[in-house]
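Colleague: In my numbering, the protein residues as written are 6 to 369.
(1) Could you spell out the range, first to last residue, of the alpha helix (DSSP H) harbouring residue 230?
(2) Suppose contacts are defined by Cβ-Cβ distances below 7 angstroms. Is residue 166 in contact with residue 289 by that definition?
(3) Can you give me the start and stop residues for the alpha helix (DSSP H) that residue 307 sits inside?
(4) If you pair each beta-carbon of the segment 43-63 with each one of the segment 74-84, do three or more pairs fall below 8 angstroms?
(5) Buried or exposed for residue 154, going by 16 or more other Cβ atoms inside 10 Å?
(6) Can the beta-carbon of residue 322 be found closer than 7 angstroms to that of residue 197?
(7) Would residue 191 and residue 111 qualify as a contact pair, given that the criterion is a beta-carbon distance under 7 angstroms?
(8) Between the Cα of residue 249 and those of 268, 267, 228, 257, spot the shortest distance and give me the residue it belongs to.
(9) Rounded to a whole number of angstroms, what is the C-alpha to C-alpha distance between residue 161 and residue 259?
(10) Determine which residues share a DSSP beta bridge with residue 258 and list them.
(11) If you draw a straight line from the C-alpha of residue 90 to the C-alpha of residue 312, how long is it?
(12) Out of curiosity, what's the CA-to-CA distance linking residue 221 and residue 346?
(13) Excluding the five sequence neighbours on either side, which residues of its own chain have a C-beta within less than 8 angstroms of the C-beta of residue 247, listed in chain order?
(14) In this structure, how does DSSP classify residue 102 when only helix, strand and coil are distinguished?
(15) Starting from residue 243, trace the beta strand (DSSP E) both ways and give me its first and last residue.
(16) In angstroms with no decimal places, state the Cα-to-Cα distance between residue 334 and residue 307.
(17) Can you check which of these residues, 252, 116, 349, 200, is closest to residue 138 by C-alpha distance?
(18) By DSSP, does residue 57 sit in helix, in strand, or in coil?
(19) Report all residues from its chain with a CB closer than 8 angstroms to the CB of residue 76; omit the five preceding and five following residues, and keep chain order.
(20) Out of 253, 286, 332, point me to the one whose CA is closest to residue 130's CA.
(21) Do the segment 62-71 and the segment 270-286 make contact, defined as three or more Cβ pairs closer than 8 angstroms?
(22) Measure the alpha-carbon distance for residue 211 versus residue 174 and round it to whole angstroms.
(23) In chain order, what residues of the same chain lie with their CB nearer than 6 angstroms to the CB of residue 262, ignoring the 5 residues before and after it?
(24) Quick one: what does DSSP say residue 195 is sitting in, helix, strand or coil?
(25) Could you tell me the alpha carbon to alpha carbon distance between residue 125 and residue 251, rounded to whole angstroms?
(26) Count the other CB atoms within 10 Å of the CB of residue 107; is the residue buried (16 or more) or exposed (fewer)?
(27) Would you call residue 355 buried or exposed, if buried means 16 or more other Cβ atoms sit within 10 Å of its Cβ?
(28) Inspect the beta-carbon positions of residue 231 and residue 287 and report whether they are closer than 7 angstroms.
(29) To the nearest angstrom, how far is it from the Cα of residue 195 to the Cα of residue 204?
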């Protein structure tokens, strides 16, 4: 459902509620009973509860649904490991163990390879472009098509913005330093690292600090200063690299059990969709507001060394990115459809960005 349809549904629901309240339109007993029913949902997440940005984003979504529904739909949030492990969120919501999950789509590449397009595409679209594609370029309909066989309805529910390149326990001076590097990096970024000679690892956020500190991994990406400071990653590695070539944004998801969603009255369905849209925008604002403050703390208080990836390293990664995307697009017909839609939209927005955002930043 695109943004215009969501807003239209919400407007119709609000109008209907107002008419009923004014007794201009009599309601049936079943309508009154349905409106009075209180529903409780469980939300499982891939993040520690109330973790800055990610966990607080999940809680924002739950709080918005609770408030907008007047308590008719209550969502209780469970952090990773409280009800299910971080990497079991997809299965839990699909099975109905929980009615809603908050996570990142690239975690499920083993189940739905094409889901990676909706998480983060290396050297791909940024948060604003991604939102434009999802809400106004057909991206959300394709995402929902990909999840439909699993009984899930995905909605965008958070954007990180451009991320950092990660924490490294040694300097990266050339592409030779990537060879043999063991790094926590998910999704397509991990595949690109492997082709450059590194060894990608998939680890949930809660395990990153210990893995980096003990030398189980040589490097890790997470999100950016706001999150990385909270995890104390500066205590486990000295060098902090940019830019986040692998995640120009992380689009986070609210995945909803389709049967649970369909069982809701229409006005509550609209509330869930609008709350997810609000959470999507609010998370981007939260990261934008807090990343610079956290970066200053890392540099000034903890003497973290901020370094830019060498040009030849970025070129090496980019040389593999196109191949990874094309190969993913060939896995099935839907993956090809998503790839073509994503690529076409990205090419269109690039022309505008060059004379808008990029041009402005150069003269600001």
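Where a beta carbon is used, it is the ideal one built from N, C-alpha and C, also for glycine.
Modeller: So, to answer that:
(1) As a working note, residue 230 is residue 225 in the chain shown. 230-236 is the span of the alpha helix (DSSP H), which, as asked, contains residue 230.
(2) As a first step, residue 166 is located in the chain shown; it is residue number 161 there, counting from the start. As a first step, residue 289 is located in the chain shown; it is residue number 284 there, counting from the start. It is a contact, given that the beta carbons lie within the stated cut-off.
(3) Within the chain shown, residue 307 is the residue found at index 302, counting from 1. Where residue 307 is concerned, there is no enclosing alpha helix (DSSP H), given that its DSSP letter is neither H nor E.
(4) yes
(5) Locating residue 154 in the chain shown gives position 149, counting from the first residue. Classification for residue 154: exposed.
(6) For the purposes of this step, residue 322 is taken as the residue at position 317 of the chain shown. For the purposes of this step, residue 197 is taken as the residue at position 192 of the chain shown. The answer is yes: Cβ separation under 7 angstroms.
(7) Locating residue 191 in the chain shown gives position 186, counting from the first residue. Locating residue 111 in the chain shown gives position 106, counting from the first residue. A contact, by the Cβ cut-off of 7 angstroms.
(8) For the purposes of this step, residue 249 is taken as residue 244 along the chain shown, with counting starting at 1. That would be 228, whose Cα lies nearest to the Cα of residue 249.
(9) If you number the chain shown from 1, residue 161 lands on position 156. If you number the chain shown from 1, residue 259 lands on position 254. Going by the C-alpha atoms only, they are around 6 angstroms apart.
(10) Looking up residue 258 in the chain shown gives position 253. The partner list for residue 258 (beta bridge, DSSP) reads 108, 161.
(11) For the purposes of this step, residue 90 is identified with residue 85 of the chain shown, where counting begins at 1. For the purposes of this step, residue 312 is identified with residue 307 of the chain shown, where counting begins at 1. Going by the C-alpha atoms only, they are around 34 angstroms apart.
(12) Walking along the chain shown from the start, residue 221 turns up at place 216. Walking along the chain shown from the start, residue 346 turns up at place 341. About 39 angstroms.
(13) Translated into the one-based positions of the chain shown, residue 247 becomes position 242. Closer than 8 angstroms at Cβ, skipping near neighbours: 169, 170, 311, 312, 313, 314.
(14) By one-based count along the chain shown, residue 102 stands at place 97. Coil.
(15) On the chain shown, residue 243 is found 238 positions in, with the first residue counted as 1. It is not in any beta strand (DSSP E) - residue 243 carries neither H nor E in the DSSP assignment.
(16) Position 329 of the chain shown, counting from 1, holds the residue named residue 334. Position 302 of the chain shown, counting from 1, holds the residue named residue 307. If I take the Cα positions, the gap works out to 43 angstroms.
(17) The sequence position of residue 138 within the chain shown is 133, counting from 1. Residue 349 is the option with its Cα nearest to residue 138.
(18) The count along the chain shown starts at 1 and reaches residue 57 at position 52. DSSP places residue 57 in coil when its eight states are reduced to three.
(19) Locating residue 76 in the chain shown gives position 71, counting from the first residue. Within the same chain, residue 76 has close Cβ partners 43.
(20) Here residue 130 refers to the residue found at position 125 when the chain shown is read from its first residue. Considering only alpha carbons, the answer is 253.
(21) yes
(22) Within the chain shown, numbered from 1, the residue matching residue 211 stands at position 206. Within the chain shown, numbered from 1, the residue matching residue 174 stands at position 169. Distance between the alpha carbons of residue 211 and residue 174 is about 19 angstroms.
(23) By 1-based counting over the chain shown, the position of residue 262 is 257. Cβ within range, chain order: 98, 101, 104.
(24) Indexing the chain shown from 1 puts residue 195 at position 190. Residue 195: helix per DSSP, three-state reduction.
(25) Position 120 of the chain shown, counted from the first residue, corresponds to residue 125. Position 246 of the chain shown, counted from the first residue, corresponds to residue 251. Approximately 7 angstroms, taken between the alpha carbons.
(26) On the chain shown, residue 107 is found 102 positions in, with the first residue counted as 1. Counting Cβ neighbours within 10 Å, residue 107 comes out buried, since at least 16 surround it.
(27) Start at 1 with the first residue of the chain shown, and residue 355 comes out as number 350. Exposed.
(28) As a first step, residue 231 is located in the chain shown; it is residue number 226 there, counting from the start. As a first step, residue 287 is located in the chain shown; it is residue number 282 there, counting from the start. Contact flag unset, no.
(29) Taking the first residue of the chain shown as position 1, residue 195 is located at position 190. Taking the first residue of the chain shown as position 1, residue 204 is located at position 199. Approximately 8 angstroms between the Cα atoms of the pair.
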